[in-house]
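Written out below as structure tokens is the structure these notes cover.
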Amino acid sequence: MVRVRTEREINYIAESAQIVADTLDMLSAKVKSGISLLELDMLAEKFIRSQDAIPAFKGYMGFPATLCISVDDEVVHGIPSDNILEDGQIVGIDCGAVRNGYYGDSARTFAVGNISNEDKELIETTQEALYRGIKKAVPGNYVSDIGHAIQSYVEPKGYAIVRELVGHGIGTNLHEDPQVPNYGDPGMGVLLKEGMCLAIEPMINIGSREVYTLDDGWTVKTKDGFNSAHFEHTIAIREDGPQVLSGSKLNG
Ligand code: MG
Ligand code: MG
Numbered sequence: 004m005v006r007v008r009t010e011r012e013i014n015y016i017a018e019s020a021q022i023v024a025d026t027l028d029m030l031s032a033k034v035k036s037g038i039s040l041l042e043l044d045m046l047a048e049k050f051i052r053s054q055d056a057i058p059a060f061k062g063y064m065g066f067p068a069t070l071c072i073s074v075d076d077e078v079v080h081g082i083p084s085d086n087i088l089e090d091g092q093i094v095g096i097d098c099g100a101v102r103n104g105y106y107g108d109s110a111r112t113f114a115v116g117n118i119s120n121e122d123k124e125l126i127e128t129t130q131e132a133l134y135r136g137i138k139k140a141v142p143g144n145y146v147s148d149i150g151h152a153i154q155s156y157v158e159p160k161g162y163a164i165v166r167e168l169v170g171h172g173i174g175t176n177l178h179e180d181p182q183v184p185n186y187g188d189p190g191m192g193v194l195l196k197e198g199m200c201l202a203i204e205p206m207i208n209i210g211s212r213e214v215y216t217l218d219d220g221w222t223v224k225t226k227d228g229f230n231s232a233h234f235e236h237t238i239a240i241r242e243d244g245p246q247v248l249s250g251s252k253l254n255g
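Position 105 of the sequence shown, counted from 1, bears residue number 108 in the numbering used here, the numbering being contiguous throughout.
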């Protein structure tokens with residue numbers, strides 16, 4: 004069942020989503036060569052708890068950390084380790100927080116120092132794909148209009164879309180109905196209504212769309228070893244269109 008949220012509920016979701024955005028803003032200054040993934044995770048947990056919130060991923064289905072940190076050819080769900088970031092890497096950081104029983108969820112892919120033009124384009128394309136999807140989250144559209152907008156932007160550029168993982172409804176659970184695929188024909192699935200809250204999250208690969216999961220049970224990697232990027236926002240569908248609830252205060 005897809006929940007339609009009251010104004011009061013959307014405000015709670017917005018508060019949690021803003022804590023996630025502030026966490027990612029804080030981390031953006033820390034993502035540099037020489038820092039370990041565990042340090043980033045500890046900084047995020049400390050910050051989220053300082054906001055009277057709880058890291059939403061820690062303990063979720065047994066996930067051990069506050070952040071999912073996915074480097075280079077890792078797509079999503081990387082477990083923070085004592086690995087050190089190096090110049091030229093790209094790092095996807097996915098963060099969730101819960102306060103007052105309501106969830107926020109957002110992800111960004113960061114450059115570590117100087118990265119290749121190929122990776123820059125991947126990051127820019129994935130972020131733009133997210134915004135193209137968000138634009139379709141309006142009352143009267145269907146859920147697949149979001150994925151169709153993402154697919155028709157990304158694939159003509161030669162990138163591939165990960166299909167095994169999708170966006171989702173969000174609110175009193177981290178993952179709710181509906182599923183929000185990043186591909187598909189338009190006009191299918193759930194009719195979007197004012198008050199629905201979604202996490203939209205394209206995962207885009209330079210090479211093929213094939214992925215696999217490591218023996219750790221979490222880390223998803225590209226099969227061909229080419230890099231992948233991930234951006235995600237929590238949004239509310241308003242009468243006059245989408246409202247991004249996890250927007251950065253640094254760059255809008
Ligand atoms: Mg996420
Ligand atoms: Mg999500």
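Beta carbons are placed, not taken as given, at the ideal position from N, Cα and C, and that holds for glycine.
It should be emphasised that the depicted structure is a prediction, and the values quoted were computed from it without experimental measurement.
How about residue i and residue j: do their beta carbons lie closer than 8 Å?
{"i": "Phe229", "j": "Asp76", "result": "yes"}
{"i": "Ile51", "j": "Gly107", "result": "no"}
{"i": "Ile164", "j": "Tyr186", "result": "yes"}
{"i": "Ser231", "j": "Val78", "result": "yes"}
{"i": "Trp221", "j": "Phe66", "result": "yes"}
{"i": "Ile209", "j": "Glu131", "result": "no"}
{"i": "Ala17", "j": "Leu248", "result": "yes"}
{"i": "Arg166", "j": "Arg111", "result": "no"}
{"i": "Leu41", "j": "Ser84", "result": "yes"}
{"i": "Val101", "j": "Ala68", "result": "no"}
{"i": "Pro142", "j": "Leu217", "result": "no"}
{"i": "Leu70", "j": "Asp97", "result": "yes"}
{"i": "Ala20", "j": "Lys252", "result": "no"}
{"i": "Leu30", "j": "Gly99", "result": "no"}
{"i": "Ile256", "j": "Glu179", "result": "Because residue 256 is not part of the residues shown, which for the chain are 4 to 255, the question remains open."}
Exposed or buried, which one is residue i when buried takes at least 16 other CB atoms within 10 Å?
{"i": "Arg11", "result": "exposed"}
{"i": "Gly255", "result": "Reliability of the predicted coordinates at Gly255 is poor, the pLDDT of 48 falling under 50, and no value is obtained from them."}
{"i": "Gly81", "result": "buried"}
{"i": "Glu242", "result": "exposed"}
{"i": "Ala32", "result": "exposed"}
{"i": "Tyr15", "result": "buried"}
{"i": "Glu127", "result": "exposed"}
{"i": "Ser119", "result": "exposed"}
{"i": "Ile161", "result": "Reading the sequence as shown, one finds Gly at residue 161 and not Ile. The residue is exposed, with fewer than 16 neighbouring Cβ atoms inside 10 Å."}
{"i": "Gly95", "result": "buried"}
{"i": "Thr9", "result": "exposed"}
On a CA-only basis, which of the options is nearest residue i? Give me that one, please.
{"i": "Ala202", "options": "His171, Thr129, Asp219, Thr9", "result": "His171"}
{"i": "Tyr105", "options": "Lys224, Met199, Thr175, Glu179", "result": "Thr175"}
{"i": "Ile264", "options": "Asp44, Asp227, Glu121", "result": "The displayed coordinates of the chain run from 4 to 255. Any statement about residue 264 would go beyond what the structure contains."}
{"i": "Val74", "options": "Ala140, Thr225, Ala239", "result": "Thr225"}
{"i": "Ser147", "options": "Ile173, Ile96, Ile207, Pro189", "result": "Pro189"}
{"i": "Gln154", "options": "Gly143, Val183, Tyr15, Ile118", "result": "Val183"}
{"i": "Met199", "options": "Gly244, Tyr215, Tyr134", "result": "Gly244"}
{"i": "Ala168", "options": "Pro181, Asn117, Tyr156, Lys160", "result": "The residue you asked about is not Ala; residue 168 is Leu in the sequence shown. The option with the nearest alpha carbon to Leu168 is Pro181."}
{"i": "Ala140", "options": "Thr9, Lys160, Ile238", "result": "Ile238"}
{"i": "Ile137", "options": "Gln246, Asp227, Met29, Tyr156", "result": "Gln246"}
{"i": "Tyr134", "options": "Leu70, Lys123, Tyr156", "result": "Tyr156"}
{"i": "Val7", "options": "Ile207, Asn103, Lys252, Val193", "result": "Val193"}
{"i": "Ile149", "options": "Thr26, Thr9, His236, Lys49", "result": "His236"}
{"i": "Thr26", "options": "Ile13, Ser53, Thr9", "result": "Ser53"}
{"i": "Lys123", "options": "Glu158, Gly250, Pro159, Ile207", "result": "Ile207"}
{"i": "Thr129", "options": "Glu158, Val223, Val115", "result": "Glu158"}
{"i": "Asn103", "options": "Val223, Gly250, Ile13", "result": "Ile13"}
Examine chain C for any beta-carbon lying closer than 8 Å to the beta-carbon of residue i, and answer yes or no.
{"i": "Val247", "result": "No chain C appears in this structure, which consists of one protein chain only."}
Assess contact between the segment 90-106 and the segment 31-49, defined as three or more Cβ pairs (one per stretch) separated by less than 8 Å. Is contact present?
Cβ pair count under 8 Å is three or more, so yes.
Cβ contact (3+ pairs, closer than 8 Å) linking the segment 200-215 and the segment 53-63:
Between the segment 200-215 and the segment 53-63, the count of C-beta pairs closer than 8 Å stays below three; the two stretches do not touch.
Mind listing, in chain order, the residues whose beta carbon lies closer than 6 Å to a non-hydrogen atom of ligand 2?
For ligand 2, the residues with a Cβ under 6 Å from any of its heavy atoms are, in chain order, Asp108, His171, Ala202, Glu204, Glu235.
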